[in-house]
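Counting from 353, one number per residue, gives the positions in the sequence shown under this note's numbering.
Everything below concerns the one structure shown next.
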Amino acid sequence: MQVFKFGGASVNDAEGVKNLASVLQKLGYTNTLVVVSAMGKTTNALELVITNYFDHKTKLQSSIQDVIKFHNAILIDLFDNENHVVFQKISEFFNELNWFLRTNKSPDYNFVYDQVIGFGELISTTIISEYLNTIGLKNNWIDVRDYIKTDSYYRSANVNWEKTQNQITTNYKKSILNITQGFLSSDANNFTTTLGREGSDYTAAIFAYCLNANSVTIWKDVPGVLNADPRYFENARLLNKISYREAIELAFYGASVIHPKTLQPLQRKEIPLFVKSFLNPEDSGTRIGKEVVLEPMIPCFIVKKNQVLIRLSSLDFSYIVEENISEIFNLLHLYKMKVDVIQNSAISFSVCIDNIYNNLEKLLHHLKAKFKVTCYENVSLYTIRHYNEKAITQIEAGKTVLLKQLTPKTVQVVTK
Ligand code: ADP
Ligand code: ASP
Ligand code: MG
Numbered sequence: 353m354q355v356f357k358f359g360g361a362s363v364n365d366a367e368g369v370k371n372l373a374s375v376l377q378k379l380g381y382t383n384t385l386v387v388v389s390a391m392g393k394t395t396n397a398l399e400l401v402i403t404n405y406f407d408h409k410t411k412l413q414s415s416i417q418d419v420i421k422f423h424n425a426i427l428i429d430l431f432d433n434e435n436h437v438v439f440q441k442i443s444e445f446f447n448e449l450n451w452f453l454r455t456n457k458s459p460d461y462n463f464v465y466d467q468v469i470g471f472g473e474l475i476s477t478t479i480i481s482e483y484l485n486t487i488g489l490k491n492n493w494i495d496v497r498d499y500i501k502t503d504s505y506y507r508s509a510n511v512n513w514e515k516t517q518n519q520i521t522t523n524y525k526k527s528i529l530n531i532t533q534g535f536l537s538s539d540a541n542n543f544t545t546t547l548g549r550e551g552s553d554y555t556a557a558i559f560a561y562c563l564n565a566n567s568v569t570i571w572k573d574v575p576g577v578l579n580a581d582p583r584y585f586e587n588a589r590l591l592n593k594i595s596y597r598e599a600i601e602l603a604f605y606g607a608s609v610i611h612p613k614t615l616q617p618l619q620r621k622e623i624p625l626f627v628k629s630f631l632n633p634e635d636s637g638t639r640i641g642k643e644v645v646l647e648p649m650i651p652c653f654i655v656k657k658n659q660v661l662i663r664l665s666s667l668d669f670s671y672i673v674e675e676n677i678s679e680i681f682n683l684l685h686l687y688k689m690k691v692d693v694i695q696n697s698a699i700s701f702s703v704c705i706d707n708i709y710n711n712l713e714k715l716l717h718h719l720k721a722k723f724k725v726t727c728y729e730n731v732s733l734y735t736i737r738h739y740n741e742k743a744i745t746q747i748e749a750g751k752t753v754l755l756k757q758l759t760p761k762t763v764q765v766v767t768k
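Dropping the structure here:
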């Protein structure tokens, strides 16, 4: 049994959907689960719908129309017969979305986010499943929310493994081709929850784990995992083999090519993860498994843009001690800040954070009551695994270094 995951970039137009079909035809599709993300940048477009729902009601309908138009263009390209049932199905999803936005009473942003954002994947999988059926690749569309069960921590839900394993064991039919949504799940009340942005890789891993799959393949617009993000680094090189441990480190530091939670379930059952190009499906790509740490053994670069560096010192020049640090971490936790790097000296404490939940102002307000605070917004965090002098020089050239931290295998540099 194999699990395939196709991300948004692989299905951002009709050609992408046709290409997905051709990958399945080339590689075989019995005993296969296909996990699909929302098409193209649909998740971002739905985030705009959510923002408009809360803050700019006058723009709400036009932002929904943009999502409708984008999908209609794909539908028209894929289906000649305008009476095809898929048109009806997609229009029902948009009716449901509008109905939710009209009748919702919850002021909880995170709850509303998950109820709205899920339409991206429900729609993409419906289009793809119907298209595959039409061209003779018979498949079964399944609603992932009947399988992956979580708590109610909206936008970053935690999997209830026992319930999920149970649902999958009881209801999943292995021998056929199944198509389902990445990223989505549901809580005990059957409200939609999500696994965090880019969470579809994790969905693939959850199924693979529960089904004891032989492999997971993530299909990308790159040849595999490279030693740097090709959008920011020229001459990025393909990594042929990576150990689970090394891949977990890379994902942890922010290599956005794999969702960080994906690897642990796979490692537990030693299920190999392949990252391959959807344009060249027969190329070997990257294999993540248990044998080799890194092949080739070269420096790997990870950049996280738009981070925040906060430097704290005590108001009375006293030392920053355990009590202060515990207080600082309580606040970081309270405001859901993702901590990238920390560094402390006798009288100052620095922390580089990712302000995912937009709580920076509240955090700073709270901190300023207790500490002298210097805050740098919009900084970049560079991490180099298996660094050498040349790699560090390359990163620092022409930038102001605000913080630097070295361990034997990893260097992290925060720059402005
Ligand atoms: P998906 O459609 O599966 O969600 P993403 O766009 O999230 O795909 O991820 C693919 C992109 O990740 C690539 O186009 C590339 O720009 C970027 N990327 C970042 N880091 C790496 C890396 N180390 N190796 C390969 N691609 C990377
Ligand atoms: N569609 C979601 C996102 O864009 C999940 C994913 O693509 O993995 O974040
Ligand atoms: Mg993605």
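Note that beta-carbon positions come from the ideal geometry of N, C-alpha and C, so glycine has one too.
Leaving out five residues before and five after residue i in sequence, what residues of the same chain have Cβ atoms less than 8 Å from its Cβ?
i      : result
Val369 : Val363, Ile426, Leu430, Ile479, Ile480 and Tyr483
His436 : Glu482 and Thr486
Ser700 : Arg663, Leu664, Ser665 and Ile672
Asn371 : Ser362, Phe630 and Leu631
Arg620 : Tyr561
Glu444 : none
What separation, rounded to the nearest whole angstrom, lies between the Cα atoms of residue i and residue j?
i      : j      : result
Glu434 : Asp365 : 18 Å
Gly392 : His423 : 10 Å
Asn710 : Met689 : 9 Å
Met649 : Thr638 : 14 Å
Ile428 : Gly548 : 31 Å
Tyr728 : Tyr381 : 50 Å
Leu625 : Ala599 : 10 Å
His717 : Arg583 : 35 Å
Ser702 : Phe723 : 12 Å
Arg497 : Gly470 : 10 Å
Ile475 : Pro612 : 25 Å
Asp573 : Asn587 : 16 Å
Tyr461 : Tyr505 : 12 Å
Thr516 : Ile531 : 17 Å
Ser527 : Leu489 : 14 Å
Asn450 : Asp706 : 32 Å
Pro331 : Asp635 : Since the displayed the chain opens at 353 and closes at 768, residue 331 lies outside it and no answer follows.
Lys525 : Ser414 : 40 Å
Asp418 : Ala721 : 44 Å
Ala607 : Ile677 : 28 Å
Pro575 : Leu529 : 25 Å
Tyr499 : Ala373 : 24 Å
Where does residue i land, buried or exposed, given buried means 16+ other C-beta within 10 angstroms?
i      : result
Glu550 : buried
Ala540 : exposed
Lys378 : exposed
Phe406 : exposed
Arg454 : exposed
Asp553 : buried
Glu674 : exposed
Val577 : buried
Phe669 : exposed
Ala698 : exposed
Glu367 : exposed
Lys421 : exposed
Thr752 : exposed
Trp571 : buried
Thr502 : buried
Lys642 : exposed
Phe384 : Strictly speaking, residue 384 in this sequence is Thr, with Phe absent from that position. Buried is the call here.
Lys628 : buried
Does the distance from the CB of residue i to the CB of residue j come in under 8 Å?
i      : j      : result
Ala603 : Leu618 : no
Leu683 : Leu715 : yes
Ala556 : Val375 : no
Val387 : Phe543 : no
Ala509 : Ser537 : yes
Arg507 : Thr546 : yes
Ile610 : Val568 : no
Gln695 : Leu755 : yes
Lys768 : Gly534 : no
His738 : Leu646 : yes
Leu661 : Val731 : yes
In its own chain, which residues sit with a C-beta less than 7 Å from the C-beta of residue i, not counting the 5 before and 5 after it?
i      : result
Val644 : Lys593 and Ser595
Ser458 : Val464
Pro633 : Val375, Lys378 and Leu379
Val725 : Ile662, Leu664, Leu716 and Leu719
CB-CB under 6 Å to residue i, same chain, minus the five flanking residues each way: which ones, in chain order?
i      : result
Ile736 : Pro651, Phe653, Ala743 and Val763
Gly472 : Ala390, Thr394, Thr395 and Leu398
Leu733 : Lys656, Gln659, Asp692, Cys704 and Val766
Tyr605 : Ile654 and Thr735
Practice prompt. Taking 6 Å as the limit, tell me which residues put their C-beta closer than that to any heavy atom of ligand 4, in chain order.
Written response: Judged by which ligands are present, ligand 4 is missing from the structure shown, whose ligands are ligand 1, ligand 2 and ligand 3.
Discussion item. Would you call the stretch 408-428 in contact with the stretch 493-502, where contact means no fewer than 3 C-beta pairs closer than 8 Å?
Written reply: As far as the Cβ criterion goes, the stretch 408-428 does not touch the stretch 493-502, which means the pair count is below three.
Worksheet entry | Cβ contact check for the stretch 465-474 and the stretch 396-403: 3 or more pairs under 8 Å | Yes, the stretch 465-474 is in contact with the stretch 396-403.
Fill in: Any 3 or more C-beta pairs closer than 8 Å across the stretch 562-575 and the stretch 519-535
Output reads yes: the stretch 519-535 touches the stretch 562-575.
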